[in-house]
Amino acid sequence: MSEDDTPKVGAADTAPPPPQGAPGAKPPLSKERRLQARRRFMRTILLGGGVFGAALSGFLPVAYAQKKRLRPPGALDEKDFLASCIKCGQCVQVCPVNAIKLADLADGFGVGVPYIEAREQACDFSCDAVQCILACPTGALTYKKPAYMSVRPGAKLAEKPILLAKEKDPEPTLNLTERIGVARLTRPESCLAMQGKGFKGQARGPDFKGELRYMSVDRWRPIKVADHPYDVELCDLCVQACPIKGAISLETVFAPDGSQRKTPVVHEPCVGCGVCEMICPTEPASIEVIPGEGWRT
Amino acid sequence: MSNALKRRFVEQIKVMFGAEPQKPTLIEERAIEVHQLKRMTNKAELAAAKEAHRAREKNHKWRNIRWATLIFVNLLFVVSYHFDIQLLEGALTASRFAGFHLIDLNSALQVMLAHKHIITNLLIGTGTVLALWILLGGRTFCSWVCPYHFLAEWAEKLHLFLVQKKLVTDTPIDRRWRTVSWVIFALLALITGYTVYESISPTGIVSRALIYSGGVLAMLWVLALLVFEVFFVRRAWCRYACPIGLTYGVVGIVSPLRVKYTLQGCFHEGDCRKVCLVPHVLDTVIKGRAVDTEVPIGPDCTRCGLCVDTCPTGSLKFDIKGLSKLM
Chain X
15 MSEDDTPKVG
25 AADTAPPPPQ
35 GAPGAKPPLS
45 KERRLQARRR
55 FMRTILLGGG
65 VFGAALSGFL
75 PVAYAQKKRL
85 RPPGALDEKD
95 FLASCIKCGQ
105 CVQVCPVNAI
115 KLADLADGFG
125 VGVPYIEARE
135 QACDFSCDAV
145 QCILACPTGA
155 LTYKKPAYMS
165 VRPGAKLAEK
175 PILLAKEKDP
185 EPTLNLTERI
195 GVARLTRPES
205 CLAMQGKGFK
215 GQARGPDFKG
225 ELRYMSVDRW
235 RPIKVADHPY
245 DVELCDLCVQ
255 ACPIKGAISL
265 ETVFAPDGSQ
275 RKTPVVHEPC
285 VGCGVCEMIC
295 PTEPASIEVI
305 PGEGWRT
Chain L
2 MSNALKRRFV
12 EQIKVMFGAE
22 PQKPTLIEER
32 AIEVHQLKRM
42 TNKAELAAAK
52 EAHRAREKNH
62 KWRNIRWATL
72 IFVNLLFVVS
82 YHFDIQLLEG
92 ALTASRFAGF
102 HLIDLNSALQ
112 VMLAHKHIIT
122 NLLIGTGTVL
132 ALWILLGGRT
142 FCSWVCPYHF
152 LAEWAEKLHL
162 FLVQKKLVTD
172 TPIDRRWRTV
182 SWVIFALLAL
192 ITGYTVYESI
202 SPTGIVSRAL
212 IYSGGVLAML
222 WVLALLVFEV
232 FFVRRAWCRY
242 ACPIGLTYGV
252 VGIVSPLRVK
262 YTLQGCFHEG
272 DCRKVCLVPH
282 VLDTVIKGRA
292 VDTEVPIGPD
302 CTRCGLCVDT
312 CPTGSLKFDI
322 KGLSKLM
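Chains X and L supply the protein sequences, listed in that same order. Numbering (the numbering used here) for the first sequence: 15 to 311. Numbering (the numbering used here) for the second sequence: 2 to 328.
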C-alpha cells in the first residue's frame with residue numbers, strides 16, 4: 015500500500031491535513047470530523063484530569079497527617095525534606111546496616127522518600143561518618159542547613175554529638191547539628207529496669223534480623239543482634255547499646271510507694287537514632303524514638 | 002542548512018510541543034525534481050521494485066541493540082546495589098556513576114522548583130546529564146534507558162495485536178496535552194513546594210522497584226497505566242503525558258545525533274510510521290512532503306531505530322550532524 019497525502023479517516027497518528035483549496039482559507043470540517051475532534055477533546059480533558067487526580071492524591075496522606083516517619087540523620091524539616099528529596103535511594107545504598115527504606119504510594123508525596131523503621135533496624139552510625147548525608151545529591155540530608163531555613167524547636171543539638179565508637183579518634187563527633195527525634199520512655203510500666211528485672215538471652219529473639227555494631231566484637235562490622243545474647247542483673251540494654259556519648263543513662267528514681275527504682279533517662283545529646291527502641295526486649299518497646307521531636311527540658 | 006530545512010527545523014519544534022505537522026510551503030528545487038521524477042516512473046517497474054524490496058527479510062538490529070542497552074543500564078543499577086560494586090549507585094532520578102553525579106533533568110527541575118535551593122552537587126549532576134543527552138540526542142533517554150518505555154513497548158505489541166483482531170481501537174488524544182501537563186506540573190512544584198510529578202512518575206517508580214524491590218502500590222499505578230495503553234490508547238503515557246519526554250525533547254533540539262531521511266530511494270509506503278512511537282516526526286516521508294533530498298528527523302524523535310530497522314529501502318539512517326561532511 016502506498017501512503018500518499020490524501021486524508022484517511024481513522025488514521026490514528028495524524029491529524030487530518032488541511033483539505034485542498036485556496037491557501038489560508040479553511041473550508042468547514044465535515045460533520046464526522048467535527049464529532050471526531052470533539053470526542054478527542056473530551057478524551058483529552060478526561061484523561062488529563064485523571065492524571066492530575068492521581069498526582070494530587072499525593073496530598074491526602076499529608077492532609078490526614080499520617081504517622082510521622084523517622085527520617086535519616088541530617089534530614090531537613092519534613093516539608094523541605096519532601097520538596098528536596100529526589101527519591102534516588104543513594105542513602106539506602108550506602109547504609110551499612112540497611113536501616114533506610116523507601117516509602118510507597120500511601121505516603122503521598124513521600125513516595126520513594128527514605129525513612130527509618132527504628133524498631134526493625136535503627137541507625138547505629140556503623141558508618142562512622144553518616145554516609146547517607148554524604149551520598150545525598152540534593153541536600154535533603156545535609157550537615158549544613160541553609161541559614162534561611164527554620165530550625166524546629168528543640169531540634170538544635172547543644173554540641174556536636176560524640177560517637178562512642180570513635181571517642182578516641184582525633185575527630186570523635188558526628189558532624190550533626192540537629193536531632194531527627196528524641197527517645198522517650200513511652201511505656202514506663204513495661205520497662206524491665208523499672209520493674210527491677212534483669213534480662214537474659216537474645217534481646218529481640220532468635221528470628222530478629224536487625225544488626226548492631228558491638229565495639230567489643232568488631233569495630234568495623236555490625237553483627238546480628240540475635241548473635242549477641244545478653245545476661246544482665248538489671249536490664250540496661252538501651253543504655254549499653256546507645257551509640258552516642260551521654261545520651262542515656264540508668265538513674266535511680268523513687269516509686270510512689272517510696273521504693274527505689276532504676277529507670278533509663280534520656281539526656282540532651284540524644285539524636286533520635288532509635289537504637290534504644292530497636293534493642294528494647296519488651297514487646298512492644300518500652301522506649302521509643304519520637305520522629306521529628308525536639309528536646310524539652 | 003537550506004531555507005526549507007530551517008523552516009522545517011522550527012516547525013518540528015512546534016510539532017514537539019503539540020502542533021500538527023503541516024504540508025510544507027517551501028520545498029527545495031532539488032527535492033521538487035525528485036518528487037516529480039517519482040511521479041513519472043513507470044508504474045509496473047515501480048511495483049516490481051517494491052516487491053523486490055518487500056522480499057527482504059525483516060531485521061531487528063537496532064531494536065536488539067537498544068533493548069540490550071536498556072536492560073544493561075537498568076541491570077547495572079540493580080547489580081551495583083545488590084553486589085555492592087558501587088559502579089552505578091542510586092536510581093534513574095539521580096545516581097552516581099563511578100563517583101560522578103548524574104541527575105535526571107526533569108527530576109532536578111522538579112526539585113529545584115519545589116525546594117528553591119540548589120546545592121552544588123545537584124548542579125554538577127544536572128550539568129553532566131545535560132551535556133550527555135545533548136550529545137546523545139535528548140529523547141534517546143526515553144527509548145534507550147527508560148524502563149517504563151520497555152514495558153510500554155510490550156504493552157504496545159499487545160495493543161496492536163488486539164487492534165488487528167478488531168478487539169480494541171486506538172483512540173488518540175490531543176498531543177498538546179503533554180505540553181500543558183509539563184507546565185502544570187512545573188507550576189505545581191513551584192507553588193505547592195512538593196515534587197508532585199515524582200509521586201506518579203512511572204520512570205522513577207519502575208526504576209526504584211527494580212533496584213530496591215519495593216513500592217508495590219506504586220507499581221499498581223504503573224500497571225493501571227499499561228492496561229490503559231493496551232485497551233484504549235496506544236502508548237498513551239509516552240506520547241501524550243510524560244513531561245520527562247518533553248524535557249529531554251527540548252534538550253535534543255540541538256543534538257547532533259538523529260535519524261536522517263533520504264528522499265531518493267523512498268517508496269513512501271509508510272511502514273516506518275506504523276512502528277513509530279511518535280509518527281508525527283515522520284510526516285516528511287509522506288509522498289510530496291520532503292522539503293529537501295535529505296531531511297533530519299525532529300527533536301521529538303526518540304532515536305529508537307524502529308523505523309531504521311523497518312525501512313525496506315534504507316531511506317532512514319542514524320546520522321551524526323557534521324560527521325558525514327568530515328569523513
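No residue lacks a Cβ here, since even glycine has one placed at the ideal position from N, Cα and C.
{"Query": "Residue 251 (chain L) - DSSP class collapsed to helix/strand/coil", "Result": "helix"}
{"Query": "Own chain partners of residue 215 (chain L) with C-beta closer than 8 Å, once the 5 adjacent residues on each side are dropped", "Result": "209"}
{"Query": "Assigned secondary structure, residue 196 (chain X) (DSSP; H/G/I helix, E/B strand, else coil)", "Result": "strand"}
{"Query": "Own chain, CB closer than 6 Å to residue 221 (chain X), minus 5 neighbours either side, in chain order", "Result": "none"}
{"Query": "Chain X within 8 Å of residue 96 (chain L), Cβ atoms only", "Result": "yes"}
{"Query": "Cβ shell of residue 318 (chain L) (< 8 Å), same chain only, five flanking positions each side left out", "Result": "260, 261, 263, 309"}
{"Query": "The region 18-38 of chain L in contact with the region 240-257 of chain X per 3-pair CB rule at 8 Å", "Result": "no"}
{"Query": "Rounded C-alpha distance that separates residue 202 (chain L) from residue 121 (chain X)", "Result": "15 Å"}
{"Query": "Start-to-end residues for the beta strand (DSSP E) that takes in residue 182 (chain X)", "Result": "No beta strand (DSSP E) contains residue 182 (chain X), which DSSP labels as neither H nor E."}
{"Query": "Residue 254 (chain X) at chain L interface by Cβ criterion, 8 Å", "Result": "no"}
{"Query": "Complete alpha helix (DSSP H) runs within the region 257-316 of chain L (minimum length 4 residues, chain order)", "Result": "272-276, 307-311"}
{"Query": "CB contact check: residue 152 (chain X) to chain L, cutoff 8 Å", "Result": "yes"}
{"Query": "Straight-line gap, residue 285 (chain X) to residue 114 (chain L) (C-alpha atoms, nearest Å)", "Result": "31 Å"}
{"Query": "Member of X:56, X:123, X:90, X:92 whose CA lies at the smallest distance from the CA of residue 74 (chain X)", "Result": "X:123"}
{"Query": "Sufficient close CB pairs (3 or more, under 8 Å) joining the region 213-229 of chain L to the region 166-184 of chain L", "Result": "no"}
{"Query": "Burial state of residue 145 (chain L), where buried means 16 or more other Cβ atoms lie within 10 Å", "Result": "buried"}
{"Query": "Ordered list of beta strand (DSSP E) runs contained in the region 195-248 of chain X, each at least 3 residues", "Result": "195-199, 213-215, 244-246"}
{"Query": "Beta carbon proximity, residue 107 (chain L) to chain X, threshold 8 Å", "Result": "no"}
{"Query": "Partners in chain X for residue 140 (chain L), counting only beta-carbon separations shorter than 9 Å", "Result": "Here the premise fails: no neighbours, minimum Cβ distance about 17 Å."}
{"Query": "Separation of residue 249 (chain X) from residue 206 (chain X), as counted between CA atoms", "Result": "6 Å"}
{"Query": "Rounded C-alpha distance that separates residue 274 (chain L) from residue 248 (chain L)", "Result": "23 Å"}
{"Query": "Those residues which DSSP pairs with residue 305 (chain X) across a bridge", "Result": "X:195"}
{"Query": "Chain X contact residues for residue 144 (chain L), given Cβ-Cβ distances below 7 Å", "Result": "The premise fails here: residue 144 (chain L) is roughly 17 Å from chain X at the closest Cβ pair, so nothing lies under 7 Å."}
{"Query": "For residue 53 (chain X): DSSP bridge partner residues", "Result": "Answer is none; residue 53 (chain X) lacks a bridge partner."}
{"Query": "Closest residue to residue 303 (chain X) among X:171, X:296, X:199 (Cα-Cα distance)", "Result": "X:199"}
{"Query": "Neighbour flag for residue 101 (chain X) against chain L, beta carbons, 8 Å", "Result": "yes"}
{"Query": "Reference residue 87 (chain L); option with closest CA among X:215, X:108, X:101", "Result": "X:108"}
{"Query": "Proximal residues to residue 82 (chain X) (C-beta, below 7 Å), its chain only, five neighbours per side dropped", "Result": "305, 306"}
{"Query": "Distance cut-off 7 Å: residue 237 (chain X) Cβ against heavy atoms of the ligand NAD", "Result": "What this structure holds is no ligand at all, so the ligand NAD is not there to describe."}
{"Query": "Cut-off 7 Å between Cβ atoms - residues of its own chain near residue 212 (chain X), not counting five sequence neighbours on either side", "Result": "246, 247, 248, 249"}
{"Query": "Proximal residues of chain L, C-beta to C-beta of residue 236 (chain X) below 9 Å", "Result": "Those within 9 Å of residue 236 (chain X) in chain L number zero; the least Cβ separation is about 15 Å."}
{"Query": "Cβ distance (whole Å) where residue 290 (chain X) is taken to contact residue 138 (chain X) below 8 Å", "Result": "Not quite, the Cβ-Cβ distance comes to about 11 Å (not below 8 Å), so this is no contact."}
{"Query": "Test item: CB-CB of residue 101 (chain L) and residue 89 (chain L) under 8 Å", "Result": "no"}
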